[in-house]
Structure formats: C-alpha cells, structure tokens
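Novice:
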C-alpha cells in the first residue's frame with residue numbers, strides 16, 4: 288500500500304511506499320495506523336483507472352488520501368481512438384504477410400507487374416519477338432525449378448488474396464476514421480454535447 292505524508296491538509300511527500308525509517312524512527316512500516324496518522328502518514332486509496340481514464344487529483348480526508356479516476360480529456364480520447372484503429376489495422380496487415388521477409392515483400396510490386404506483362408503477352412499468342420522482360424520472375428522460377436508459367440500463376444493467386452485482405456482491412460480502417468471524424472464534426476457544430484461525443488468515441492472499436 289502507498290502512503291502520503293500530509294501536513295496542514297496538503298500532501299508534502301508521496302504517494303509512495305512507507306520509508307523504512309523516518310526522522311530517527313526505525314521500522315516505520317510496522318507502526319500501527321494511529322501512530323502513522325499521528326506522524327502525518329495517511330494511507331492512499333486508489334480507484335481503479337479504466338482504459339479511458341486517468342488518476343484525478345488526490346483528495347485528503349481525515350484518515351486517508353483518496354485518488355479517484357476521471358475521464359481523460361476529450362481531445363486525448365479522440366487521438367487515442369485514432370491510434371487504436373491505426374495500430375489494429377497495421378497489426379492485421381502484418382499478420383497477412385507473416386512469415387514473409389520484408390525485403391521479399393518489397394519485390395511484390397515488381398513480381399506482379401512482370402506477371403501481368405507476361406500474362407498479357409501470353410494471351411496475345413506468346414510470340415517470342417514480343418516477349419516481355421521478366422528478369423525477377425525468370426530468376427525466381429529458375430531458382431525454384433518452376434516453369435515461369437507456374438510461377439506467374441502463383442504470383443497472381445497470392446496477389447489476389449492479399450489485395451482482397453488489404454482492401455478489406457484498409458477499407459475498415461478508413462470507415463472507422465470516418466466515424467471518428469463524424470463525431471468530431473457533430474461536436475464542433477454543436478449537434479451533440481461533450482458527454483454524447485465521449486460515449487460515441489468510446490463505442491468506436493476495431
């Protein structure tokens with residue numbers, strides 16, 4: 288338990304753990320409550336702090352110090368919600384590419400572009416005279432022992448899956464951002480009061 292030393296109704300030390308000794312008094316933590324109070328050391332009572340709360344200013348009473356929880360400022364709540372949504376989206380996108388090194392992911396756009404060029408060429412007859420340059424896919428296919436046609440199909444399939452995942456996740460993040468912006472706009476216009484805005488901000492989750 289934490290204690291605070293109170294003098295003339297004001298906290299002059301703490302909140303903190305009781306010192307082992309204080310002003311030539313040894314074994315302070317073992318003193319009875321009445322003795323501690325006589326020395327000005329009062330127990331500190333903390334209310335649980337919720338996700339969108341912060342500790343309020345301490346209130347000194349006759350036998351204890353009480354620290355309640357109060358809502359964080361509305362602007363901080365709004366910003367925190369933006370961070371929560373952005374972080375959740377980033378985590379979900381990272382999960383979608385888990386197991387793939389970042390350096391390899393950086394080549395995906397090149398792989399997709401080369402695959403599209405190869406597919407277009409093939410659909411037009413695949414004449415050797417017009418064959419597109421696919422240096423990355425050619426090397427990847429050779430290293431894996433695959434025909435380039437098979438590798439192109441794999442790149443296309445992976446791109447389709449990731450495009451769907453990314454579209455869903457990014458669209459979801461943007462929709463949540465729109466909700467946050469709508470609450471802010473309603474608050475600024477006076478259409479809703481701060482209490483309603485707080486409830487609406489808190490209701491927006493990933």
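Numbering (this note's numbering), first residue to last: 288 to 493.
Glycine included, each C-beta is placed from N, C-alpha and C at the ideal position.
Drop a sphere of 10 angstroms on the beta-carbon of residue 411, count the other beta-carbons inside from all chains shown, and report buried for 16 or more, exposed for fewer.
Specialist: exposed
Novice: Count the other C-beta atoms from every protein chain shown that fall within 10 angstroms of the C-beta of residue 319, then say buried if there are 16 or more, exposed otherwise.
Specialist: exposed
Novice: Can you give me the Cβ contacts of residue 369 inside the same chain, cut-off strictly under 8 Å, excluding the 5 residues immediately before and after it?
Specialist: 464, 467
Novice: Who pairs with residue 442 in a beta bridge, going by DSSP?
Specialist: Per DSSP, none; premise fails for residue 442.
Novice: Could you tell me which of 446, 398, 295, 388 sits nearest to residue 435, measuring between CA atoms?
Specialist: 398
Novice: Going by Cα to Cα distance, which pick from 364, 372, 444, 392 is closest to residue 486?
Specialist: 364
Novice: Given a threshold of 16 other Cβ atoms within 10 Å of its Cβ, counted over all protein chains shown, does residue 414 qualify as buried or as exposed?
Specialist: exposed
Novice: Got a sec, what are the start and stop residues for the alpha helix (DSSP H) residue 336 sits in?
Specialist: Element bounds for residue 336: n/a, residue is neither H nor E.
Novice: Could you compute how far the alpha carbon of residue 326 sits from the alpha carbon of residue 381?
Specialist: 56 Å
Novice: Please classify residue 357 as buried or exposed, where buried requires at least 16 other C-beta atoms within 10 Å of its C-beta.
Specialist: exposed
Novice: For residue 437, tell me which candidate among 447, 449, 424 has the shortest Cα-Cα distance.
Specialist: Taking the Cα of residue 437 as reference, the smallest distance to any Cα among 447, 449, 424 is reached at 424.
Novice: Could you work out which residue in 344, 348, 349 is closest to residue 355 when comparing CA atoms only?
Specialist: Taking only the C-alpha atoms, the option nearest residue 355 is 344.
Novice: Compute the Euclidean distance between the alpha carbons of residue 402 and residue 377, then round it to the nearest angstrom.
Specialist: If you take the alpha carbons of residue 402 and residue 377, they lie about 27 Å apart.
Novice: From the DSSP output, read off the bridge partner residues of residue 300.
Specialist: 292
Novice: Taking DSSP as the reference, what is the three-state secondary structure of residue 308?
Specialist: strand
Novice: Taking Cβ to Cβ, would you say residue 407 is nearer than 9 Å to residue 419?
Specialist: yes
Novice: Taking all protein chains shown into account, do 16 or more other C-beta atoms lie within 10 angstroms of the C-beta of residue 389, making it buried, or fewer, making it exposed?
Specialist: exposed
Novice: On the CB-based measure, 16 or more other CB atoms within 10 Å of its CB, does residue 372 come out buried or exposed?
Specialist: buried
Novice: So residue 310 packs on residue 289, CB below 8 Å; how close in whole Å?
Specialist: With 8 Å as the limit, residue 310 and residue 289 do not qualify as a contact, their Cβ atoms being about 19 Å apart.
Novice: Report yes if the CB atom of residue 301 is closer than 9 Å to the CB atom of residue 308, and no otherwise.
Specialist: Not a contact, by the Cβ cut-off of 9 Å.
Novice: Ordered along the chain, which non-local residues of its own chain (more than five positions away) have a Cβ less than 8 Å from that of residue 351?
Specialist: 329, 330, 331, 332
Novice: Would you give the residue range spanned by the beta strand (DSSP E) that residue 358 belongs to?
Specialist: 356-358
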